[in-house]
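Structure first, then comments.
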Amino acid sequence: NFWGGHGIVAGQTPLGLGLGYGLKYKGLEGCALCFLGDGAINQGAFHESLNIAALFGIPVVYVIENNGYSMGTSQKRSSAYKDCLAQRSEAYDMDWDVVNGEDFYEVRAKTHIAMERARKEHKPTILEIMTYRYYGHSVADANHKKYRSPEEIADYKKNHDPINLWRAKLIEEGILTEESAKTIDTEAKQEAAASTKFAEESPPPTIEDITNDVYWETDNNTEASQIGRHFFND
Numbered sequence: 233n234f235w236g237g238h239g240i241v242a243g244q245t246p247l248g249l250g251l252g253y254g255l256k257y258k259g260l261e262g263c264a265l266c267f268l269g270d271g272a273i274n275q276g277a278f279h280e281s282l283n284i285a286a287l288f289g290i291p292v293v294y295v296i297e298n299n300g301y302s303m304g305t306s307q308k309r310s311s312a313y314k315d316c317l318a319q320r321s322e323a324y325d326m327d328w329d330v331v332n333g334e335d336f337y338e339v340r341a342k343t344h345i346a347m348e349r350a351r352k353e354h355k356p357t358i359l360e361i362m363t364y365r366y367y368g369h370s371v372a373d374a375n376h377k378k379y380r381s382p383e384e385i386a387d388y389k390k391n392h393d394p395i396n397l398w399r400a401k402l403i404e405e406g407i408l409t410e411e412s413a414k415t416i417d418t419e420a421k422q423e424a425a426a427s428t429k430f431a432e433e434s435p436p437p438t439i440e441d442i443t444n445d446v447y448w449e450t451d452n453n454t455e456a457s458q459i460g461r462h463f464f465n466d
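In the working numbering, the protein residues as written are 233 to 466.
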């Protein structure tokens, strides 16, 4: 299940903890994966979540997507210990690993190990995925080229793009051909274009839609649904 994102930096870390706790409380064999960026690890909520996860043995995997920059700030300038962000977990007696985000096979293998540790042993893990982003976080980060050089971005696109590297690996292994790779690329672009067109041409949501997919009771028209709806009724 996908539970969405959060508008506050590191705000999702205690929520991921809660989802993991819910699995343990119900006796379910599963784990929660909570994704965050390198800029979120300096927030207090993150460290509070690690402490509780380790203390109570919560089946959660915190995945740090370390792309080197938070909103306009290099990770090298914002973290006192710069070489390994995941190593902070040692203060909470947690397992951790650093993963090459350019290698799909390594990401899959190390993620599987962390998830099995959570499921079988109820132990949390931090995975630091080394990666990169080509663009800003949003329109608020439109000037992302001011804090990193065009040459740096071009180098990553040319030599470190994980999709291109995986494509080359699959072709080398005989799993994929150049022709089939081009077909997949074309179909993906067509699907994205069709989805964009659908979104742009769809009518805007109404006030009645505001609680859709928020309250279970609202979507199922039960008596309890009024708890959510009365806020928006005249």
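From the three backbone atoms N, C-alpha and C, an ideal C-beta is built for every residue, glycine too.
Please read these numbers as outputs of a predicted model, since none were measured by experiment.
Buried or exposed by the 16-neighbour rule on C-beta atoms within 10 Å, applied to residue i
i           : result
residue 363 : buried
residue 260 : exposed
residue 272 : buried
residue 287 : exposed
residue 312 : exposed
residue 412 : exposed
residue 269 : buried
residue 309 : exposed
residue 427 : exposed
residue 367 : exposed
residue 242 : buried
residue 372 : exposed
Euclidean distance between Cα positions of residue i and residue j
i           : j           : result
residue 445 : residue 404 : 44 Å
residue 278 : residue 318 : 12 Å
residue 295 : residue 341 : 14 Å
residue 257 : residue 249 : 12 Å
residue 304 : residue 276 : 20 Å
residue 406 : residue 425 : 30 Å
residue 280 : residue 266 : 14 Å
residue 410 : residue 293 : 36 Å
residue 215 : residue 264 : This structure cannot settle anything about residue 215, because the visible part of the chain is limited to 233 through 466.
residue 431 : residue 244 : 27 Å
residue 429 : residue 436 : 14 Å
residue 381 : residue 438 : 43 Å
residue 247 : residue 323 : 21 Å
residue 443 : residue 316 : 41 Å
residue 466 : residue 415 : No answer about residue 466 holds up, because its pLDDT of 48 lies below 50 and its placement is not dependable.
residue 326 : residue 347 : 14 Å
residue 314 : residue 433 : 46 Å
residue 236 : residue 401 : 32 Å
Proximity below 8 Å, CB of residue i to CB of residue j
i           : j           : result
residue 252 : residue 355 : no
residue 357 : residue 349 : yes
residue 351 : residue 262 : yes
residue 338 : residue 331 : yes
residue 282 : residue 321 : yes
residue 298 : residue 384 : no
residue 301 : residue 379 : yes
residue 353 : residue 392 : no
residue 291 : residue 336 : no
Boundaries (first-last residue) of the alpha helix (DSSP H) holding residue i
i           : result
residue 411 : 410-433
residue 398 : 394-404
residue 347 : 336-353
residue 384 : 382-391
residue 309 : 307-310
residue 443 : Counting along the chain, residue 443 falls outside any alpha helix (DSSP H), and DSSP gives it neither H nor E.
residue 244 : 244-257
Beta-bridge partners of residue i, as assigned by DSSP
i           : result
residue 264 : 292
residue 367 : Note: residue 367 sits in no beta bridge, so no partner.
residue 284 : Paired residue(s): none; residue 284 is not in a bridge.
residue 236 : BP columns for residue 236 are empty, so no partner.
residue 298 : 362
Within-8 Å CB hit, residue i to chain B
i           : result
residue 333 : You won't find chain B in this structure, because it holds only one protein chain.
Endpoints, the beta strand (DSSP E) within which residue i is located
i           : result
residue 476 : It is not possible to answer for residue 476, since the shown part of the chain is limited to 233 through 466.
residue 357 : 357-362
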